[in-house]
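Residue numbers (my numbering): 4 to 294.
We put the CB at the ideal spot given by N, CA and C, even for glycine.
All figures in this text were calculated on a predicted structure; none of them were measured in a lab.
Report on the structure given below.
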């Protein structure tokens, strides 16, 4: 049995990507074939362009976990220099047809492939007329095109609400809890310091609210992302404070789903002012977040 597939980086798995999958699934059912989403690791831009490597909305592991959670059939292809150097027609014959056993191929609106990015939807239609190809249209939210690059720009500007609407879910950050300075505990708000993949896209510096997932359980939480300016020389960090629970979190993996942007990071005159503001941040999340 063969496959109806779509190929791409699918960074962030936003609503545009989901619409491509819906088209793949529709065609697969009509043709009695299997649907399959095929992504590349590393992100193709990380191999092809040393000067413009985008930070990732989803790391490779986060993407695999997300596909599993959504029950979307998915396969990862190792994107190597050898694969990147394949001419478009060779890529189709050797990878799409021979390796992936594709019987039909669905394209996103701007998908390109092959050496130099010379392969695209018209190329396949012209050079491989026996391969059924389909093109999914751009997906829009309130008239604006949805794309991974647009979502990155929104996150940088702390526009979490619009970013989440384009994603169709809460933006999340996953990391391992490492030792911190313990300053949060000293002012009554202990935090877990997350070690995050260096390629992961972090939203703009600020305070966020949402749900922390630890060992499969959900907890309301406040997250600070930034430089911690009240403590000079503290450096950048992602810190998570559990609102309703006190747990031993060292070495645990936390997935923080960001539902709320509360405020931008700021420097306070003293620790007491910081403590009072954190208390207000926590209260705000308590009123807005339901598990």
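Is the Cβ-Cβ distance between residue i and residue j less than 8 Å?
i           : j           : result
residue 46  : residue 154 : no
residue 104 : residue 6   : yes
residue 200 : residue 62  : yes
residue 204 : residue 89  : no
residue 190 : residue 208 : no
residue 265 : residue 210 : yes
residue 195 : residue 129 : no
residue 126 : residue 91  : yes
Taking its Cβ as the centre, do 16 or more other Cβ atoms sit within 10 Å of residue i, making it buried, or is it exposed?
i           : result
residue 121 : exposed
residue 71  : exposed
residue 177 : buried
residue 73  : exposed
residue 251 : exposed
residue 147 : exposed
residue 109 : buried
residue 182 : exposed
residue 38  : buried
What separation, rounded to the nearest whole angstrom, lies between the Cα atoms of residue i and residue j?
i           : j           : result
residue 81  : residue 152 : 23 Å
residue 2   : residue 111 : No statement about residue 2 is possible, as the shown extent of the chain runs from 4 to 294 and does not include it.
residue 27  : residue 75  : 11 Å
residue 236 : residue 230 : Any reading at residue 236 needs caution, since the residue's pLDDT is 49, under 50, leaving its predicted position unreliable; the model's value is listed next. Answer to the nearest angstrom: the Cα atoms are 8 Å apart.
residue 24  : residue 40  : 7 Å
residue 164 : residue 269 : 21 Å
residue 36  : residue 280 : 56 Å
residue 14  : residue 124 : 20 Å
residue 261 : residue 175 : 6 Å
residue 132 : residue 68  : 36 Å
residue 114 : residue 86  : 16 Å
residue 172 : residue 149 : 14 Å
residue 277 : residue 240 : 17 Å
residue 138 : residue 293 : 39 Å
residue 180 : residue 4   : 44 Å
residue 12  : residue 219 : 27 Å
residue 198 : residue 50  : 24 Å
residue 271 : residue 282 : 14 Å
residue 21  : residue 275 : 46 Å
residue 253 : residue 58  : 26 Å
residue 142 : residue 119 : 26 Å
residue 162 : residue 34  : 41 Å
residue 10  : residue 100 : 13 Å
residue 52  : residue 273 : 44 Å
Apart from the five residues just before and just after residue i, which ones in its own chain have a Cβ nearer than 6 Å to its Cβ?
i           : result
residue 79  : 42 and 44
residue 225 : 212, 244, 284, 285 and 288
residue 222 : 215, 245 and 248
residue 30  : 7 and 107
residue 193 : 187
residue 291 : 263
residue 258 : 175, 177 and 216
residue 267 : 209
Please confirm whether any heavy atom of the ligand GDP lies closer than 7 Å to the CB of residue i.
i           : result
residue 246 : For the structure depicted, the ligand GDP is absent and the ligand set is empty, with no information on it obtainable.
Looking only at its own chain, which residues have a Cβ that is under 7 Å from the Cβ of residue i, when we skip the five neighbours before and after it?
i           : result
residue 94  : 116, 117 and 122
residue 134 : 108 and 127
residue 168 : 144
Give every residue of the same chain whose Cβ lies closer than 8 Å to the Cβ of residue i, excluding the five residues on either side of it in the sequence, and list them in chain order.
i           : result
residue 55  : 48
residue 136 : 107, 108, 109, 110, 124, 127 and 128
residue 84  : 50
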